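Visitor: Structure incoming, see below.
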């Protein structure tokens, strides 16, 4: 989810995730565009899965949260913050 308001970053990150064997089921905007640090939110209660996603993206483990939500049919949500340029999906090879 886009949490900083920069157009197109969710698509770039989705493509990167899919190239790294992560299934992405949805792209959307977060509830606001004031997110400072990108984060991974575990929705299935399995923190290790969220940490795996964070490692692939280059998100610091201190920004991995566990907030189970049985209404969401997914393992985790990724919220892209204002620090998105530091993520692996935006680093030049």
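Numbering (this note's numbering), first residue to last: 41 to 133. No residue lacks a Cβ here, since even glycine has one placed at the ideal position from N, Cα and C. Just so you know, these numbers come straight off a predicted model, no measurement behind them.
#1: Below 8 Å between beta carbons: does that hold for residue 107 and residue 82?
#2: Which of the three DSSP states is assigned to residue 52 in this structure?
#3: Answer yes if the region 63-73 comes into contact with the region 95-107, meaning at least three C-beta pairs across the two stretches below 8 Å, and no otherwise.
#4: Is the beta carbon of residue 115 sitting closer than 8 Å to the one on residue 86?
#5: Which first and last residues belong to the alpha helix (DSSP H) in which residue 93 is found?
Guide: Reading from the atomic positions:
#1: yes
#2: helix
#3: no
#4: yes
#5: 87-97
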